[in-house]
Each structure stands twice: as structure tokens, then as C-alpha cells.
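*Asks:*
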Amino acid sequence: MTHLFCALLLLALSPVVDANSLDIYPFNSSAKQQQFQQVIQQMRCLVCQNENLADSNAGLAKDLRKEIYTMVQQGYSNAQIEKHFVERYGHFILFKPPMNLTTYLLWIGPFTLLMIAFIALLILIRKNKKEKSPCELSEEEKEKLQSLLNKYNL
Amino acid sequence: MKYLIPLIIFIIITAFFWQGLKKDPRRVPSALIGKEVPAFSSPSLQNPHVQITNQQFQGHVSLLNVWATWCISCRAEHPILMDIVRENKAIIYGLDYKDDPTSAKNWLKNFGNPYKNVIFDGNGTLAINLGVYGTPETFIIDQHGVIRDKYIGPISPQVWQEQLLPEIDKLKQEG
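Chains A and B, in that order, give the protein sequences. Residues 1 to 154, numbered by my numbering, are exactly what the first sequence covers, in order. Residues 155 to 329, numbered by my numbering, are exactly what the second sequence covers, in order.
#1: Cβ closer than 7 Å: which chain B residues qualify as neighbours of A:Glu87?
#2: Of all the CB atoms in chain A, is at least one closer than 8 Å to the CB of B:Val300?
#3: Please specify which runs of the beta strand (DSSP E), each continuous and at least 3 residues long, are wholly inside the region 220-287 of chain B, giving them in chain order.
#4: Given a cut-off of 8 Å on the beta-carbon distance, is the pair B:Val286 and B:Val220 in contact?
#5: With a threshold of 7 Å (Cβ to nearest heavy atom), would A:Phe85 be considered close to the ligand NAP?
#6: Across which residues does DSSP place B:Phe293 in a beta bridge pair?
#7: Using a Cβ-Cβ distance under 8 Å, would A:Leu60 count as near chain B?
#8: Tell me the DSSP bridge mates of A:Asn52?
#9: On the DSSP letters alone, give me the boundaries of the beta strand (DSSP E) that B:Ile322 sits inside.
#10: Spatial neighbours of A:Cys45 within its chain, please: CB distance less than 6 Å, with the 5 preceding and 5 following residues excluded, ordered by chain position.
#11: Between B:Tyr305 and chain A, is the shortest Cβ-Cβ distance under 8 Å, so that the two count as touching?
#12: With a threshold of 8 Å, are at least 3 pairs of Cβ atoms found where one atom belongs to the region 193-200 of chain B and the other to the region 171-180 of chain B?
#13: Could you spell out where the beta strand (DSSP E) holding B:Ser196 opens and where it closes?
#14: Shorter than 8 Å from the beta carbon of A:Asp23 to some beta carbon of chain B?
#15: Report, in whole angstroms, the separation of the C-beta atoms of B:Ile246 and B:Ser216, which I expect to be a contact under 8 Å.
#16: Mapping DSSP to helix, strand and coil, what is B:His298?
#17: So, with DSSP's three-state summary, where would you put A:Thr103?
#18: For the beta strand (DSSP E) that contains B:Gln205, what are its first and last residues?
#19: Could you give the C-beta distance for B:Pro290 and B:Phe274, rounded to a whole number, given that I count them as a contact under 8 Å?
#20: Return the residues of the region 63-84 of chain A that lie within a Cβ-Cβ distance of less than 8 Å from chain B, sorted by chain order.
#21: Buried or exposed, going by whether 16 or more other CB atoms sit within 10 Å of the CB of B:Val204?
#22: Do you know how far the Cα of A:Gln49 is from the Cα of B:Thr207?
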């Protein structure tokens, strides 16, 4: 019984083989295979929008992989392949948005907000330091404080 | 006064979120708007030995409706397409996407054929060149074969009346 359990556990933990590229799309050069892997990982599946073309099982993803495979075999560069699909599907098909005037805010935005937050924090800290006035006790309060400290051996 | 700044920031952020809620990320806008229909030559569904090319769209405003027999939403929008054609409001061409030709022909025979012509795209290559990523999708093409708009999803009577019909009428007046 333990043997069966161990066997099942090993089976469950064994890595899943990715049949998307190696089996169905044979390459005679490892450079082309790497290029293929690169491209399909950098492009979004428009059906399952959080998956890339490498992982998605959608029909469209399969079709696009096939077309990318053909283009890689024919010797197109990554840039040319990306341009081909951006012309048809728009920039959304790439995970990395392009760096141009409209997306400037998208790229710079997070860092800018972080800087603003950081500066605001610095200003706040300085303001707090200045406002902290020394605590002044009257003579009576000082004696009371001293007796309490003595009482508790502080 | 110092409470006003966070309030203003909050209002601005809320405005952005409000706009964002209205936008459906599944509706990816077409990258081909303003561009001519890409050159193609594909067989007609009804007459497989006849080739249909992008020249078909010249000379009149038309709709190109991407559909398939396996697409349930296409079945849902079909009656509206029939109405549009029956009332002579627009010319509709069909693009049969990754379908079985026999099933497609039967489908049209049983439910009715609103299409002036149906392009058969068995392996979906023409659809990829058009930037199609799902069905149904409907392109609005002007008299010069230029794609002017794309509607994603099944056309409802409301969408037809309020959005697509006015666009088509405007294009007809331009030409």
C-alpha cells in the first residue's frame, strides 16, 4: 500500500512536459528553437489574456504559435515577427507596452509616484522633528517624578 | 484645508476607477481601423471553386461578419443580421471561421442566409490577418475597402440602432 502511495506521489510531483513547442514544432537549430521560445513567451494570448502564447491552450494561441514557427523557420527576426502581429492585433499582444508619448506615463508613473511619496515622507519627518518641543515640568512635578523614580528604583 | 488635498486625490482616483469599470478588457480595439482590408484570395463557401478577394469590398459600404457554426453567440445575433438584410439597411459579407463547410452550408440553409457572400476561412489564416481573436466580430468597411470600425461580440438590436447603423449611414453619405 505504501509502495502505491509513493508511486502516486512521485507521479504527481513529476514535472509536466511542455508539449507546446518541442514535440509539435521541431527545429534543426537550437538558436531557432530559442528564438521561438522567446517570441511565444513575450506575446499575450488575446483569449486568455493573462497567459502568454507559450502556455495558452486556446485555439487562437495554437494558430499563432504555428504562424510564429513558420516565420522563425523562414528566418524572420524577433522584431519583424512582433511587428507582424502588432500590425494585426495592436500593441496589446505584446506584454511590454511600447515606449512612446502615450505610454510614457505608464512607464514613468510608478517611479514618479514612489519619489513623490518618499519626498512627502521626508518633509513629514522634518516637520515632526521641528514641532517636538522639550517637555517642561514645573518644580513640583519634578519632585513628584523624582520620588516616583526612587520608589521603583529606576 | 489640509483635508482637502486627500479628498481631491481620492476624487481623481475614483474617477479613473469609474472609467475603468466601464471598459471591458476582452474588447481589444482593432489595430486595422483606417487601413484597407489586407489583400487576400479565399474560396467562397457556397462555390468553393470561386475565389473571393479583397476587391469585393470596393464600391459600397458593407459589414464583414466573422462567424462559425460552433459559435453560440453567432447563433444569437443571427436573427438581427437577417433583419438588417431584410430591411435593406446594409450589405453583409460573411467570414466562416475555422468551420466545417458542410455544417456551415446546412446552418445557413436551416436558419437563413443573411450574407451576400461567404468567405470560407478553414484554417483561420485570413482571420489572423484581420486581427480576429474571437467570434462573432463584425467589421464596418467603407466604399474604398478601408476598415472603419470593428464591433466585438454579438450585435444586439440596441447596438445596431444606436451605434452601427448611424456609422454606416454616415459612411454612405461621405461616399
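Glycine residues also receive a C-beta, built at the ideal position from the N, C-alpha and C atoms.
*Replies:* Let's see:
#1: Going along chain B in sequence order, the residues near A:Glu87 (Cβ under 7 Å) are Ala185.
#2: no
#3: 245-251, 271-275
#4: Yes.
#5: As presented, the structure is devoid of all ligands, the ligand NAP included, so that no description of it is given.
#6: B:Leu218, B:Lys304
#7: yes
#8: A:Arg44
#9: Note, B:Ile322: premise wrong, no beta strand (DSSP E); alpha helix (DSSP H) at 319-328.
#10: Glu51, Leu53, Ser56, Ala58, Ala61
#11: no
#12: no
#13: 195-197
#14: For A:Asp23, the pLDDT reaches just 48, beneath the cut-off of 50, and the residue's location in the model is therefore unreliable, although a value from the coordinates is still provided. Not one chain B Cβ lies under 8 Å of A:Asp23.
#15: Indeed, because the Cβ distance is near 7 Å, the residues count as touching under 8 Å.
#16: Here DSSP, grouped into helix, strand and coil, assigns B:His298 to strand.
#17: coil
#18: 205-207
#19: Actually they do not touch by this definition, with Cβ atoms about 16 Å apart.
#20: Against chain B - using a Cβ distance shorter than 8 Å - the residues of the region 63-84 of chain A are Asp63, Leu64, Glu67.
#21: exposed
#22: 32 Å
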